[in-house]
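Take 1 as the starting number for the sequence shown in UniProt numbering and just add one per residue. Take a look at the structure below.
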Amino acid sequence: MKDANQRVVWITGASSGIGLSLTKRYLDGGWKVLASARTQGELAPLLDAYEHLTFVPFDVSAGNQIDAMKETLSALTSHLDCAVLNAGTCEYLDMTDENPDWKMMDRVMSVNFFGMVNSVDVCLPLLKKASRPHLVGVSSQAVQAAFTQAEAYGASKAATRYFLSSLRMDLKQFNIDVTCLLPGFVDTPLTQKNTFSMPFLMSADDAAKRMHTALESRPYEFAFPKRLSAMLWIGRHFPKLWLSMLAPKTDNQK
Ligand SMILES: NC(=O)c1ccc[n+]([C@@H]2O[C@H](COP(=O)([O-])OP(=O)(O)OC[C@H]3O[C@@H](n4cnc5c(N)ncnc54)[C@H](OP(=O)(O)O)[C@@H]3O)[C@@H](O)[C@H]2O)c1
1 MKDANQRVVW ITGASSGIGL SLTKRYLDGG WKVLASARTQ GELAPLLDAY EHLTFVPFDV
61 SAGNQIDAMK ETLSALTSHL DCAVLNAGTC EYLDMTDENP DWKMMDRVMS VNFFGMVNSV
121 DVCLPLLKKA SRPHLVGVSS QAVQAAFTQA EAYGASKAAT RYFLSSLRMD LKQFNIDVTC
181 LLPGFVDTPL TQKNTFSMPF LMSADDAAKR MHTALESRPY EFAFPKRLSA MLWIGRHFPK
241 LWLSMLAPKT DNQK
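Take a look at the structure:
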């Protein structure tokens, strides 16, 4: 049955990892969830189980899909109370390769940074129609200190963080709150290929629970876990110590 007060959230990158766990949390909280990714992935069983879940395919890096996405979302809802822009990818630059794959920088920026820009373009008109809208973007704790091989990933997430902080100022006039989430290491397909140690690694369900709870108070930023934030604070302020001792290293750097 339709509930006029049911809140509506759009989540990108909902087919796996953090986005999938967040989707379950919003569904269990009674929200209508419009879930996007390029593929249904692990969302498939949820689509049978929850009638208030709809899969809306979207490649965030495809600027030519923006207009169609606006129309599709508008046909599904009159407004968005919340948008969680979480879609992301990670590829690493291998400097041991004689010909490093520099084009990878473009691929990562296309999804992580321009994908977020495209997603804001898609959802802004519907956010403006909500009474108390909330725009949420997923950056990373990787922006707090340099990580090995993360030339593209870290730069894309730093760009994302700045984009969101600037948007926060410019969307205030429309009463849209903007939150930037900065998770630490989460055990998902994105990190399962990492060859360096990942301090304070969390499960996707644990990360989603912390994010979902934090979002209730609409902070400007939420970085977690705090133990990693503390370690990265030291790394930022004592960069020589970070480089020589604290920063996670791959086997050939030890
Ligand atoms: N895992 C971590 O430790 C960690 C830490 C900090 C921040 N984050 C960030 O958290 C977010 C979620 O990552 P995750 O760890 O949950 O990774 P994941 O399990 O690999 O999930 C990534 C999600 O993004 C979607 N996606 C990838 N490329 C896309 C594209 N071009 N268009 C639309 N959707 C796309 C994927 O679906 P399809 O492939 O079906 O499109 C998938 O649903 C990312 O922004 C990531 O950078 C992760």
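We put the beta carbon where it would ideally sit given N, CA and C, even for glycine.
- Secondary structure of Ser78 (DSSP, three-state): coil.
- For Glu51, no beta strand (DSSP E) segment is defined, and its DSSP state is neither H nor E.
- 9 Å or more divides the Cβ of Thr89 from the Cβ of Phe58.
- Listed in chain order, the non-local C-beta contacts of Thr191 below 8 Å within the same chain comprise Cys90, Phe185, Met198, Leu201, local neighbours out to five positions each way being set aside.
- Collapsing the DSSP output to three states places Ala204 in a helix.
- Residue burial annotation: Asp67 is exposed, with fewer than 16 other C-beta atoms found within 10 angstroms of its C-beta.
- Not one heavy atom of ligand 1 falls within 8 Å of the beta-carbon of Pro248.
- Rounded to whole angstroms, Asp81 and Leu47 show a C-alpha spacing of 21 Å.
- Spanning the alpha carbons of Gln149 and Pro248 requires a straight line of approximately 11 Å.
- When secondary structure is reduced to three states using DSSP, Cys90 falls in the coil class, being assigned neither helix nor strand.
- In this structure, the CA atom of Phe174 is about 49 Å from the CA atom of Thr96.
- Residue range 17-28 is occupied by the alpha helix (DSSP H) that includes Gly17.
- In the assembly as shown, Arg161 is a buried residue. Its beta-carbon has 16 or more other beta-carbons within 10 Å.
- Short of 6 Å from the beta carbon of Ser119, and not among the five residues preceding or following it, lie these beta carbons of its own chain, in chain order: Thr12, Val60, Leu85.
- Distances from the alpha-carbon of Met69 to those of Gln144, Pro125, His212 put Pro125 closest.
- Distances from the alpha-carbon of Val143 to those of Ala207, Lys172, Leu228, Glu98 put Leu228 closest.
- Separation of Val122 and Lys240 (C-alpha to C-alpha, rounded to the nearest whole angstrom) is 43 Å.
- Per DSSP, Asp101 is not a residue of any beta strand (DSSP E), being assigned neither H nor E.
- For the segment 171-238, the full-length alpha helix (DSSP H) segments reaching 4 residues or more read 204-215, 226-237 along the chain.
- Taken in chain order, the complete beta strand (DSSP E) segments of 3 residues or longer contained in the segment 110-158 are 134-138.
- In the structure shown, the three-state DSSP call for Val9 is strand.
- Among the bridge pairs identified by DSSP, Leu34 is matched with Trp10, Thr54.
- Rounded to whole angstroms, Ala159 and Ala223 show a C-alpha spacing of 16 Å.
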